[in-house]
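Undergrad:
Chains as they are written, first to last, in this note's numbering: chain A, 3 to 311; chain B, 3 to 311.
Spelled out as structure tokens, the structure:
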């Protein structure tokens with residue numbers, strides 16, 4: 003799909019009007035930079051507290067509500083957070099959701115789709131296999147497939163997180179965010195004036211590779227964050243935005259991601275999923291550039307760990 | 003110990019001046035009451051995100067800083083959150099902490115005292131045994147023992163949570179809080195104008211029993227919340243405040259506490275300890291009186307579950 007790069011903050015503001023009564027305005031936790039070894043004020047945006055446990059609820063609800071008239075149902079392909087988010091968004095407005103889940107997804111992920119009222123279709127294989135089946139099904143049934151990142155409704159929905167930040171941390175100098183397909187990164191960059199700094203896992207470095215190649219290219223993905231940040235190819239929108247902004251993308255290792263995750267648990271009692279700890283890992287390793295006295299926002303984007311208590 | 007019932011909001015404001023640069027201002031998460039089956043706006047005060055994973059850091063730091071001149075060290079007796087909080091508070095200001103821990107406490111709890119820089123003295127037996135040894139040690143060494151609830155510094159420190167709420171949810175009609183020894187309940191009642199509603203586990207109902215008896219009386223305690231809400235006898239301050247206010251204390255069962263805890267995890271990705279879910283259980287069971295259109299604050303007071311990730 004192609005997103006018009008003419009998306010602006012006004013489009014994100016329209017999304018906010020559309021979805022703000024349905025989503026949660028997630029709070030911010032301020033941390034002394036000393037605790038993290040950085041000479042800055044740090045604000046953690048606790049998006050893991052969002053409906054369905056990740057920011058994906060924003061984009062899904064906005065995509066559902068953008069359709070006029072409201073359809074009888076929507077479809078999605080996902081082995082993770084996007085599937086649960088689309089199921090939740092559809093239930094929220096009272097329509098059906100058919101979610102195509104690869105058989106390699108964990109039973110918990112499949113249960114979550116059903117738990118939010120969606121119909122889970124388990125497809126043998128990986129996400130690409132589920133995508134083929136889901137596309138064909140959607141076409142046959144005349145139902146819109148909601149893309150997890152490369153779709154205007156999704157990007158503008160994720161951008162509403164940025165509008166909340168503009169209100170909650172108006173003096174932010176930089177907003178640090180993990181990047182997978184790039185929907186959240188794109189939405190934030192469109193919504194916010196301060197620098198938005200993407201960070202990637204070494205083993206899911208599709209934006210990093212795209213910037214080096216001059217275009218989105220498929221990369222091999224793996225590691226602890228692959229379930230949420232693991233599309234083989236970054237979205238074109240995120241690539242174009244990053245290229246235009248001239249950003250460098252710091253990379254963090256699996257061990258560094260897990261160290262950030264352990265810090266969040268031990269020092270904040272927040273249980274984030276690994277992909278949601280990539281931005282914090284970028285800060286803790288010193289690989290994200292911070293100037294003394296800066297105010298840094300770190301997005302903690304999701305908490306869908308395997309079942310815990 | 004005897005606390006003057008002349009403690010006022012001014013004393014809590016003084017505590018806030020003393021400790022506000024050391025503690026975290028914990029955020030609030032707004033929830034649609036529909037999600038919980040109550041006809042109200044609900045704000046969760048996320049005090050589990052506090053330093054040391056519970057509100058106890060507030061009272062401990064205030065008690066440490068109230069001493070003038072600053073002592074060379076402090077002592078505490080605790081099998082749980084208070085011990086870690088005193089160790090943290092002492093380390094924060096650069097003095098020693100000696101914490102007397104009953105051998106029946108879990109290894110995790112003992113490790114947490116040490117992890118925050120305290121010296122853990124493991125005493126054979128239960129809290130009462132550790133108390134005897136700790137008292138004798140403190141007297142011998144001329145070191146002040148910080149009481150977990152029945153001490154002015156502790157109560158006023160916990161009350162700072164209420165001052166934050168007055169700012170964060172100025173239109174609150176009622177603030178619901180679990181009650182154990184009663185330090186947090188007392189501090190909130192002193193700091194806040196709106197109704198403060200204590201809730202207790204059926205199996206740790208020392209305030210409920212005290213109100214029935216006309217004075218604090220020892221009760222048998224047990225169940226899932228006993229590690230944090232399990233003093234046999236409620237503090238006199240909490241008893242006097244509750245009696246003067248004429249409050250009823252709703253009771254919740256272990257199953258109801260665990261259902262509230264499961265909801266917090268499944269719907270908010272918050273992993274609270276059982277004692278911190280008692281207030282929410284009171285709301286979810288309908289046992290806390292709520293009027294349509296009310297704004298209800300529920301304190302989620304701690305997250306020190308056994309080691310998780």
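Beta carbons are placed, not taken as given, at the ideal position from N, Cα and C, and that holds for glycine.
How would you call residue 65 of chain B, buried or exposed, if buried means at least 16 neighbouring beta carbons within 10 angstroms?
TA: buried
Undergrad: Does any residue of chain B have a CB that is nearer than 8 Å to the CB of residue 166 of chain A?
TA: no
Undergrad: Give the straight-line distance between the Cα atoms of residue 78 of chain B and residue 183 of chain B, rounded to the nearest whole angstrom.
TA: Taking the straight line from one Cα to the other gives about 15 Å.
Undergrad: Can you tell which of B/28, B/233 and B/142 has the C-alpha that lies nearest to the C-alpha of residue 371 of chain A?
TA: Look at the range of chain A in this structure, 3 to 311, and you will see that residue 371 of chain A is not part of it.
Undergrad: What is the DSSP secondary structure of residue 26 of chain A, reduced to helix, strand or coil?
TA: DSSP places residue 26 of chain A in coil when its eight states are reduced to three.
Undergrad: Verify whether the separation of the beta carbon atoms of residue 293 of chain A and residue 251 of chain A is less than 8 Å.
TA: no
Undergrad: Report back the beta-carbon spacing between residue 46 of chain B and residue 286 of chain B to the nearest angstrom; my notes put them in contact at under 8 Å.
TA: Not confirmed; about 12 Å, so no contact.
Undergrad: Residue 299 of chain B by DSSP, collapsed to three states: which one?
TA: strand
Undergrad: Apart from the five residues just before and just after residue 130 of chain B, which ones in its own chain have a Cβ nearer than 7 Å to its Cβ?
TA: For residue 130 of chain B, same chain residues with a beta-carbon under 7 Å away, outside a window of 5 residues either side, do not exist.
Undergrad: In angstroms with no decimal places, state the Cα-to-Cα distance between residue 147 of chain B and residue 139 of chain B.
TA: The straight-line gap from Cα to Cα measures roughly 10 Å.
Undergrad: Against chain B, does residue 20 of chain A count as a neighbour if the rule is that its beta carbon must be under 8 Å from one of theirs?
TA: no
Undergrad: Closer than 8 Å by C-beta to residue 253 of chain A: which residues in its own chain qualify, once you throw out the five before and the five after it? Chain order, please.
TA: Excluding residues within five positions, the ones whose Cβ falls inside 8 Å are 201, 202, 203, 204, 207, 210 and 289.
Undergrad: Starting from the N-terminal side, write out each stretch of the beta strand (DSSP E) that is 3 residues or longer and does not extend beyond the region 190 to 250 of chain B.
TA: 197 to 203
Undergrad: How is residue 109 of chain A classed by DSSP in three states: helix, strand or coil?
TA: helix
Undergrad: Give, in chain order, every residue of the region 21 to 44 of chain A whose Cβ lies closer than 8 Å to some Cβ of chain B.
TA: 26, 27, 28, 29, 30, 31, 32 and 33
Undergrad: Does any residue of chain B have a CB that is nearer than 8 Å to the CB of residue 158 of chain A?
TA: no
Undergrad: Tell me the residue span of the beta strand (DSSP E) that contains residue 102 of chain B.
TA: 98 to 104
Undergrad: From the DSSP output, in three-state form, read off residue 21 of chain A for me.
TA: When secondary structure is reduced to three states using DSSP, residue 21 of chain A falls in the helix class.
Undergrad: Near residue 91 of chain B, which residues of its chain fall below 7 Å by C-beta distance, leaving aside the five closest residues on each side in sequence?
TA: 59, 62, 63 and 66
Undergrad: Given this structure, state the Cα-to-Cα distance separating residue 175 of chain B from residue 120 of chain A, to the nearest angstrom.
TA: Between the C-alpha atoms of residue 175 of chain B and residue 120 of chain A there is a straight-line separation of about 37 Å.
Undergrad: Going along chain B, which residues have a C-beta under 8 Å from residue 270 of chain A?
TA: 51
Undergrad: Could you tell me the alpha carbon to alpha carbon distance between residue 3 of chain B and residue 258 of chain B, rounded to whole angstroms?
TA: Here the model assigns residue 3 of chain B a pLDDT of 48, short of 50, so the residue's position is not dependable, and the following value carries that caveat. The straight-line gap from Cα to Cα measures roughly 34 Å.
Undergrad: Looking only at its chain, what residues have a beta carbon closer than 6 Å to the beta carbon of residue 100 of chain B, apart from the 5 residues adjacent to it on each side?
TA: 77 and 121
Undergrad: Going by other Cβ atoms of all chains shown within 10 Å of its Cβ, with 16 needed for buried, is residue 8 of chain A buried or exposed?
TA: exposed
Undergrad: I want to verify the contact list: residues of chain B whose CB lies under 7 Å from the CB of residue 55 of chain A, in sequence order.
TA: 271
Undergrad: In three-state DSSP terms, what is residue 3 of chain A?
TA: Low local confidence applies: a pLDDT of 49 at residue 3 of chain A is under 50, so the model's placement there is unreliable, with the coordinate-based value given in what follows. Residue 3 of chain A falls in the coil class under three-state DSSP.
Undergrad: Taking the alpha carbon of residue 144 of chain B as the reference point, which residue from B/177, B/222, B/279 and B/73 has its own alpha carbon closest?
TA: B/73
Undergrad: When the Cα atoms are used, what is the spatial distance from residue 75 of chain A to residue 133 of chain A?
TA: 17 Å
Undergrad: At a Cβ threshold of 8 Å, is residue 61 of chain A touching chain B?
TA: Not one chain B Cβ lies under 8 Å of residue 61 of chain A.
Undergrad: Going straight from the alpha carbon of residue 280 of chain B to that of residue 194 of chain B, what length do you get?
TA: Rounded to whole angstroms, the gap between the alpha carbons of residue 280 of chain B and residue 194 of chain B is 20 Å.
Undergrad: Looking at the unbroken beta strand (DSSP E) that takes in residue 125 of chain B, where does it start and where does it end?
TA: 121 to 125
Undergrad: Should residue 248 of chain B be flagged as near chain A, meaning a C-beta pair shorter than 8 Å?
TA: Interface criterion not met: the Cβ of residue 248 of chain B is under 8 Å from no Cβ in chain A.
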